[in-house]
Amino acid sequence: MRRSNPKLASMRTLSICSIIVAFTVPCSIAQAQKTYLKNGLMQGQGASVPDGWRLHFFSNLEAIGESGMIAGPEEGTNAVELIWRDGAARFALQAEMSAQPAQGNYILSGQVKTTGPGKAAFLVECFDDKGRLLRYAETAPASSDTWRELTLLFTVPRLTAKTNVYCLNTGCGSAAFAAVGIKEALGGGEDVFPLSVVAIPAEGNAPLFGGRSKFHSFIDSPCPMGFHFWGEKDRVKNGALLLEMSEELRLTAAVNASPLSEPAVDFSCEEIERDGVKALRYTIPILEVTKILLARPRWEQGRIYVVIEPKDPSTAVSKSFVLSWRLLNDGKLSPRREMEMVFLPALPDTPNPKRFGYMSWKANDLVFESPELMARMAKHYEAAAMHAWAIAGALTTTCPQDPLRRKANEFFRARGWKMYKTEPCHLSMDWSAFVKEMPDAKYAISAKGEQKYHKFICPTWFNHDAAFREQLQTYYRQKYLTSGVVAGDSVVLDYEPWDLHNWCFCDECREHFSKAFRLPSIPSAKEIAEKYREQWSDFKFRQSDDHVRLAGDVARAAVPGVRIGIYDYVVHQNPKAVEYFRHTVALDARRIDPLVDFHMLSFYRYNGKNGCDLLDFNVKQLTKPVWMISNISRNDIIDGDWTVRINSSRPRRSA
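The numbering of the sequence shown is the working numbering, which starts it at 2 and goes up by one.
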């Protein structure tokens with residue numbers, strides 16, 4: 002597995018907080034132990050994870066891994082090994098804190114060792130008392146077949162109420178950690194630039210081009226380029242993106258992907274001299290992006306899309322240009338970064354497979370003010386038979402729809418694109434706001450008795466309460482009416498019950514569970530975990546079946562004639578993967594096959610022969626069509642260096 006570009010890796014980490022990564026000879030265990038961690042020495046015997054630590058899998062990454070205790074770097078000491086098995090190469094060991102570090106600068110250090118393509122890293126997150134991420138820091142991935150020290154310099158900002166510390170394995174092998182500790186750093190911290198950006202997909206393409214960021218477009222059908230922002234919102238003042246390019250090029254358009262209330266972006270242009278050659282500098286204000294800026298990059302949150310074209314297409318075919326960019330904040334400039342941009346000749350007409358359906362999961366980077374520009378951009382989607390459009394959100398007080406997005410709905414429908422509406426998981430209160438007005442609403446309870454667990458609704462009440470069904474029906478009908486969903490369109494359920502096994506343990510759910518499996522009594526949450534783990538998993542799958550059935554029925558009733566699809570998961574052949582997913586995500590494509598009209602299986606971590614074998618296996622297991630997703634709108638510079646993984650990577654449009 003190739004490593005990601007070191008320059009890009011350092012950019013990703015240094016942009017948020019100061020980071021120092023150092024390899025030295027092994028230090029003594031006494032020096033490494035710190036009081037901020039409950040069990041930095043990982044003391045304890047016989048467990049896969051020692052007291053004071055827990056295995057952590059990050060949301061939406063679908064990683065499969067395990068841990069085990071091994072001998073540490075010195076005689077009589079312990080270490081924990083994180084062993085990757087399948088899926089995303091990113092999971093962690095999270096430390097339990099014995100004390101919260103006060104505002105200031107700190108050094109997280111520990112001994113690390115890797116095996117095979119395993120990669121070790123440290124991650125620190127700082128949150129305020131409302132759970133808002135204030136700052137995070139992460140080392141670049143490190144590999145070493147002998148014990149070495151890894152260090153991370155991080156800053157705990159003002160208002161921090163909670164700090165999370167992780168030991169990461171970000172490779173397809175194993176990574177071991179020992180003698181992890183935190184100590185105060187001497188001297189002042191670095192004045193870190195508070196704003197960060199990544200060019201999408203150019204920087205994510207870097208591993209494919211020897212570490213150089215590269216972007217391709219077409220002479221007749223331009224590919225949009227995205228810039229994804231994150232940082233410390235309170236420190237951003239008069240922020241802007243500066244693009245510098247040859248006089249032969251021009252910035253045709255720029256638009257905010259989010260927020261949608263102010264889609265248009267005004268920009269200015271000035272002539273400059275770059276390396277002794279005349280060039281153009283475009284200044285793009287990021288005021289709208291700043292309003293929703295997050296401390297860490299998040300999918301489709303805080304993006305600006307731009308279109309760059311040659312002024313004279315006849316002279317630019319297959320020609321290489323250097324495009325550079327930097328950030329401006331409060332009069333200060335970030336370091337300049339650059340990419341290579343190449344304009345390819347028009348794509349020749351090529352017959353497409355007649356029995357292979359595929360589409361993009363949204364195409365928000367095609368929405369611009371000019372219909373003429375959008376038509377030229379849409380050409381290469383249509384030529385590839387990938388012409389599907391996710392209908393923009395409904396026009397309601399809680400979900401405003403900007404005029405530009407509404408025009409896009411009409412534009413793509415007129416061109417004959419396959420129209421579909423994505424439907425989120427309404428078990429979350431965030432997507433079922435009307436529940437707050439229902440006096441008899443029931444909310445999820447965790448095994449520990451936490452009320453309104455992660456703002457979830459009780460699935461038993463969701464699936465079987467007649468009043469809730471009526472409210473959901475009204476909500477769907479209003480949303481589909483205002484967003485223009487009609488018969489023949491599709492509704493794709495984006496239902497991803499990854500955490501469902503951990504809730505709901507209310508009286509009604511446990512009573513339903515007891516009756517379903519004819520248990521002698523209604524078990525407690527503790528008894529379910531100790532005695533009925535397999536039955537509880539089966540019960541969760543039944544709840545998911547009921548959820549998909551309800552959502553599909555309600556959508557069909559709201560707009561008769563719509564087709565129901567679902568974003569669901571690959572049916573695995575690997576026994577360990579089967580066992581892992583059985584107790585992790587309560588959704589089985591085979592069980593819900595009779596309830597939907599088509600599947601959009603989550604194949605974005607499986608490619609090569611393994612991916613083709615899995616695709617063949619899944620198609621044979623299912624009776625309904627399987628649609629492949631060819632564009633996830635993410636890139637590796639944010640999510641890790643997975644582009645070149647043979648057996649587990651996200652396919653993407655590498656424009």
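Just so it is clear, CB atoms sit at the ideal spot from N, CA and C, and this is done for glycine as well.
All values derive from a computational prediction rather than experimental measurement.
Cβ separation of residue i and residue j, assumed to be a contact under 8 Å, to the nearest whole Å
| i | j | result |
| --- | --- | --- |
| residue 486 | residue 392 | 6 Å |
| residue 499 | residue 446 | Actually they are not in contact, since the Cβ atoms of residue 499 and residue 446 sit about 18 Å apart, beyond 8 Å. |
| residue 1 | residue 424 | Residue 1 falls outside the range modelled here, since the chain spans only 2 to 656, and no answer is possible. |
| residue 529 | residue 512 | Contact doesn't hold; Cβ gap of about 12 Å is too wide. |
| residue 97 | residue 148 | Contact doesn't hold; Cβ gap of about 23 Å is too wide. |
| residue 552 | residue 501 | That belief does not hold up - the Cβ atoms of residue 552 and residue 501 are roughly 15 Å apart, past 8 Å. |
| residue 65 | residue 581 | 5 Å |
| residue 488 | residue 563 | 6 Å |
| residue 328 | residue 242 | 6 Å |
| residue 584 | residue 627 | Wrong, their Cβ atoms sit about 25 Å apart, outside the cutoff. |
CB contact flag (residue i, residue j, <8 Å)
| i | j | result |
| --- | --- | --- |
| residue 196 | residue 157 | no |
| residue 258 | residue 304 | yes |
| residue 121 | residue 176 | yes |
| residue 246 | residue 287 | no |
| residue 330 | residue 463 | no |
| residue 455 | residue 222 | no |
| residue 151 | residue 113 | yes |
| residue 615 | residue 571 | yes |
| residue 625 | residue 589 | no |
| residue 219 | residue 345 | yes |
| residue 91 | residue 171 | yes |
| residue 421 | residue 490 | yes |
| residue 161 | residue 127 | yes |
| residue 472 | residue 435 | yes |
| residue 182 | residue 68 | no |
| residue 375 | residue 419 | no |
| residue 457 | residue 476 | no |
| residue 213 | residue 370 | no |
| residue 496 | residue 549 | yes |
| residue 56 | residue 123 | no |
Three-state class that DSSP yields for residue i in the structure shown
| i | result |
| --- | --- |
| residue 389 | strand |
| residue 397 | The predicted model places residue 397 with a pLDDT of 43, which falls under 50 and marks its position as unreliable; any figure quoted below should be read in that light. DSSP places residue 397 in coil when its eight states are reduced to three. |
| residue 565 | strand |
| residue 287 | coil |
| residue 553 | helix |
| residue 127 | strand |
| residue 254 | strand |
| residue 87 | strand |
| residue 237 | coil |
| residue 474 | helix |
| residue 520 | coil |
| residue 27 | Caution applies to residue 27, whose pLDDT of 39 falls short of 50 and renders its modelled position unreliable; the model cannot decide the point. |
| residue 432 | helix |
| residue 624 | coil |
| residue 635 | Note that residue 635 scores a pLDDT of 44, beneath 50, so its modelled location is shaky and nothing firm can be said. |
| residue 40 | coil |
| residue 484 | helix |
| residue 600 | strand |
| residue 316 | helix |
| residue 34 | Confidence in residue 34 is poor, its pLDDT being 41 and thus under 50, which makes the residue's placement unreliable; the coordinate value appears in the next sentence. In the structure shown, residue 34 sits in coil (DSSP, three-state: anything other than H, G, I, E or B). |
| residue 501 | helix |
Exposure of residue i, with buried meaning 16 or more beta-carbon neighbours within 10 Å
| i | result |
| --- | --- |
| residue 521 | exposed |
| residue 367 | buried |
| residue 630 | buried |
| residue 466 | buried |
| residue 136 | buried |
| residue 452 | exposed |
| residue 438 | exposed |
| residue 411 | exposed |
| residue 44 | exposed |
| residue 139 | buried |
| residue 433 | buried |
| residue 338 | buried |
| residue 164 | buried |
| residue 321 | exposed |
| residue 379 | buried |
| residue 239 | exposed |
The ligand MN heavy atom lying under 7 Å from the CB of residue i
| i | result |
| --- | --- |
| residue 241 | With respect to small molecules bound, the structure shown includes none, and the ligand MN cannot be examined in it. |
With a threshold of 8 Å, are at least 3 pairs of Cβ atoms found where one atom belongs to the stretch 99-108 and the other to the stretch 143-163? yes
Examine the Cβ distances between the stretch 85-98 and the stretch 575-590 and report whether three or more of them are shorter than 8 Å. yes
At least three beta-carbon pairs within less than 8 Å, the stretch 380-389 to the stretch 272-287: no
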